[in-house]
Amino acid sequence: MTENNGTLHAIIVMGVSGSGKSSIGEKIAAGLGLSFVEGDALHPAANVEKMSRGIPLSDEDRVPWLDRIGKEMKASLTKGEGIIVSCSALKRSYRDRLRAATGGNLYFVYLEGSKELLTERMGHRKGHFMPTSLLESQLQTLEVPTGEEGVVTVDIDDTIDDIAAKALKALAALGVTD
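First residue of the sequence shown? That's 1108 in the working numbering, and the numbers climb one at a time after it.
Quick look at the structure:
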């Protein structure tokens, strides 16, 4: 469904760790009948190891990961399929790199929440490589996408279903979904 004037779109569900990117991304993908790609699964092993040890990633660490996500989205669009991907996309330069990979055919759903709520959610996760200690570095790195074209912001202080419904409604308001 992500057709707008006959063009399929890629959508990134973005935010810091604990914001619900995967859960919300899966719901949005199900609602649109599109495939969902877990961006964390595309990290090089060295990145996962670094984060598992509580070491924040550098811009240099993130570039191969962002490029891999960009290739996944481009391949999907080339096949005539829309796609939903979870990716922190913390900096504008990262988002611009991803936009370039898709020829600008990319929208973002920014999941926004308080540090307290994010910390609480991260504390309840089981089996995730990202320790709660890295939340602070992600919040410091985050360049909030306010004012960027093609970005919708959704507050995460709600149920997964309601957050996804709000994201879908906001995307529809942009003409991304029908």
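Just so it is clear, CB atoms sit at the ideal spot from N, CA and C, and this is done for glycine as well.
- Listed in chain order, the alpha helix (DSSP H) runs fully inside the region 1124–1203 are 1128–1139, 1152–1159, 1166–1185, counting runs of at least 4 residues.
- A Cβ-Cβ separation of about 14 Å leaves ILE1267 out of contact with ILE1191 under the 8 Å criterion.
- Here GLU1256 carries a coil assignment [DSSP, helix/strand/coil].
- DSSP places ASP1269 in the helix class (H, G or I) of the three-state scheme.
- In the displayed model, LEU1249 falls within coil according to three-state DSSP, outside both helix and strand.
- Taking C-beta atoms as the reference points, LEU1241 and SER1124 count as a pair closer than 8 Å.
- For ILE1119, the enclosing beta strand (DSSP E) has its first and last residue at 1117–1121.
- In the displayed model, LEU1275 falls within a helix according to three-state DSSP.
- Here the region 1148–1161 does not lie against the region 1248–1261, with fewer than 3 beta-carbon pairs under 8 Å apart.
- With fewer than 16 other beta carbons inside 10 angstroms of its own, THR1185 counts as exposed.
- Here the alpha carbon of ALA1136 sits roughly 25 Å from the alpha carbon of GLN1245.
- Under the 8 Å Cβ criterion, the region 1210–1217 counts as touching the region 1271–1283, having at least three qualifying pairs.
- DSSP lists no beta-bridge partner residue for GLU1223.
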